Every structure is written in structure tokens, then in C-alpha cells.
Amino acid sequence: MTAGTQPKLLEGRSALITGASSGIGAAAARIFCREGAAVTLVARREKQLADLTDELQTQGHHAQYVIADVTHTEQIAHAVQQAITTYGHLDTAFNNAGIGATPAPLHLLPDNTYDTIMNTNVRGIWNSMRHEIPAMLTHGHGTIINNSSTAGLVATPVTAPYIASKHAVIGLTKAAAYEYATHNIRINAIAPGTTQTEMITNWLQQNPTIETTLLNHTPLPRHAHPNEIAEAAAWLSSNRASYIHGTTLSIDGGWTTH
192 MTAGTQPKLL
202 EGRSALITGA
212 SSGIGAAAAR
222 IFCREGAAVT
232 LVARREKQLA
242 DLTDELQTQG
252 HHAQYVIADV
262 THTEQIAHAV
272 QQAITTYGHL
282 DTAFNNAGIG
292 ATPAPLHLLP
302 DNTYDTIMNT
312 NVRGIWNSMR
322 HEIPAMLTHG
332 HGTIINNSST
342 AGLVATPVTA
352 PYIASKHAVI
362 GLTKAAAYEY
372 ATHNIRINAI
382 APGTTQTEMI
392 TNWLQQNPTI
402 ETTLLNHTPL
412 PRHAHPNEIA
422 EAAAWLSSNR
432 ASYIHGTTLS
442 IDGGWTTH
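According to our numbering, the stretch in the sequence shown is residues 192 to 449, in order.
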């Protein structure tokens, strides 16, 4: 290390990232590797994962992928075990996998829409933490970042199941943080605003008039780039955020200031 430089944020750490095939998850994979982590990338789409893993390995990073659906507890258990088998331990998890929904009034939504959103956005993080935490308890330390949303902090119309799911993520984060603080496991959440991902692009295409409203209500009047969200997740996962625990960091260009 040269004079005046700092070590990489995640040097020597083994990190697991869910929802890693695109968007914020793919950005996190690149940034976590840049910061020295060996990564296990988890998602359902194999081609995207394989291409990203090849890219990272070609750059000299330690990267592997596991095909898994976070709604299936045995699949996420396998992914965690694969991280341990390959890298010896699990230090960091970024539970990023999640889905959105087509906006509609609450009374018109079918039960299966609610069930699908809650199963992915809430049970997916529940399943992930249930297997990540034992691995970290064995190792003696760890950090977990759960991806919520500004929708976990405030409500907006015609998105009730999504709002409920993201509020639940913050509740799970707080409960787990309280429970495992004395075990040297830091657990936090992030709450991104509108970010340039596939999910948001599809949503805005279905509702083109809402983009102007979103931008008018954002003090920094633009959408976030996935890298801007992933940079925060990497920092929160590192020792430079060593006294941040049980909190939710808004990364929304000021949207929740009003």
C-alpha cells in the first residue's frame, strides 16, 4: 500500500449477492470485487450470471455464481454453502433480490399478486438471512445489507403490496440487528429511490406520465445509477461503517425529505 492510500473496503472478504444478474446486484458485484471481495453471485438467470462471472474472472477477480431462487430456502442454503466451500467463510451478504408489480388499486389486485410480491421481497430476505446468519455465527462476525426502497419509508398510490413488502424488509432488518448485535454481526438496510434498472424501466414504460412527477419531487432531479446504490452497500458492508447498525440508509436524491 502506497503512502496516503487506504486499503480496499472489502479486502479479503467473501461476499454473497442475491439478485446479481442485472441492475443494482450486477453493479454491486463489480464494485465489491473492485473493493477486494471474493463474490458468490446468486440469481435465477444463468446466462447473465455466467457472462458477469466471466467478466469479473477475466479482470482477475475471484467470482463464482449459483443459480438460485431466494423464495426456495433450500436453494439459498445451497448458495451460502457454496460460498463457504469455495472461499472458506461468508463475511458479507447483500440481499438485493426483489420484484415490483404493475400498479393497480388495492381492491382490484388478485391475491396471487400480493403473495408473489411478499414471497420474493420479504420471504426471500427471510430465507437468505436464516442461512447467512448461521454461517456468520460460525465465523464470528459478518455484515448483512438488505435492499428495501423509499417505498419502505413512505407510501405511494396503487402499489400497496410493494409498499407493504418493503416496509417489512425494514422491520426484519431492525429485528435481526437487535438480536445479533452482540454476535458481531452488523445488519442494515438501504432504501434506494428511483434507479435505472430493468424493473424501473418497465414500470415507467407502463406509466409514462409518472416519470415527470417523480423527477419533480426529487430535489436532485434525476434517477440514480445502479452504481450509486451499490457504492453505498459496499461502504455499509465495510469496517468504515463499523458503528452503523439496525438503520436504513436512504439513497434517493432527497425524495424522502418531504
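Yeah, the Cβ is synthetic: ideal placement off N, Cα and C, and Gly gets one too. Computed from a predicted model, the values in this text were never measured in an experiment.
In its own chain, which residues sit with a C-beta less than 8 angstroms from the C-beta of residue i, not counting the 5 before and 5 after it?
{"i": "residue 192", "result": "In this predicted model, residue 192 has a pLDDT of only 49, less than 50, meaning its place in the structure is not dependable; the value taken from the coordinates is given anyway. Excluding residues within five positions, the ones whose Cβ falls inside 8 angstroms are 198."}
{"i": "residue 224", "result": "230, 247, 250, 252, 253, 254"}
{"i": "residue 269", "result": "257, 259"}
{"i": "residue 273", "result": "231, 255, 257"}
{"i": "residue 212", "result": "232, 234, 235, 236, 239, 240, 243"}
{"i": "residue 264", "result": "318, 321, 322"}
{"i": "residue 194", "result": "Low confidence applies to residue 194: its pLDDT is 49, below 50, so where it sits in the model is not reliable enough to give any reading."}
Quick one: residues in its chain with C-beta nearer than 6 angstroms to the C-beta of residue i, no 5 flanking neighbours on either side, listed in chain order?
{"i": "residue 376", "result": "327, 333"}
{"i": "residue 204", "result": "228, 282, 283"}
{"i": "residue 267", "result": "259, 261, 318, 319, 322"}
May I ask which residues mark the beginning and end of the alpha helix (DSSP H) holding residue i?
{"i": "residue 315", "result": "315-330"}
{"i": "residue 239", "result": "237-249"}
{"i": "residue 214", "result": "214-225"}
{"i": "residue 184", "result": "An answer regarding residue 184 cannot be provided, because it is not within the stretch 192 to 449 covered by the chain."}
{"i": "residue 434", "result": "Segment: none, residue 434 is in no alpha helix (DSSP H) and carries neither H nor E."}
{"i": "residue 307", "result": "302-309"}
{"i": "residue 265", "result": "264-278"}
My guess is that residue i and residue j are in contact by the Cβ rule of under 8 angstroms, so how many angstroms apart are they, rounded?
{"i": "residue 317", "j": "residue 363", "result": "6 angstroms"}
{"i": "residue 284", "j": "residue 319", "result": "7 angstroms"}
{"i": "residue 533", "j": "residue 380", "result": "With the chain running from 192 to 449 in the structure shown, residue 533 is simply not present."}
{"i": "residue 335", "j": "residue 384", "result": "Not really, about 22 angstroms apart at Cβ, beyond 8 angstroms."}
{"i": "residue 429", "j": "residue 200", "result": "4 angstroms"}
With DSSP as the reference, please indicate the residues paired to residue i in a beta bridge.
{"i": "residue 439", "result": "380"}
{"i": "residue 232", "result": "208, 256"}
{"i": "residue 285", "result": "208, 336"}
{"i": "residue 386", "result": "415"}
For residue i, I'd like the list of residues in its chain whose CB is within less than 7 angstroms of its CB, leaving aside the five on either flank, ordered along the chain.
{"i": "residue 357", "result": "312, 339, 340, 342, 343"}
{"i": "residue 448", "result": "410"}
{"i": "residue 374", "result": "328"}
{"i": "residue 371", "result": "324, 378"}
{"i": "residue 426", "result": "200, 432"}
{"i": "residue 421", "result": "215, 218, 219, 222"}
- request: Please confirm if the segment 294-312 is in contact with the segment 340-359, defined as three or more CB-CB distances below 8 angstroms between the two stretches.
  value: yes
- request: Give a yes or no on contact between the segment 299-306 and the segment 246-261, applying the rule of three or more CB pairs nearer than 8 angstroms.
  value: no
- prompt: Taking one C-beta from the segment 209-221 and one from the segment 411-427 each time, how about it: are there three or more such pairs within less than 8 angstroms?
  reply: yes
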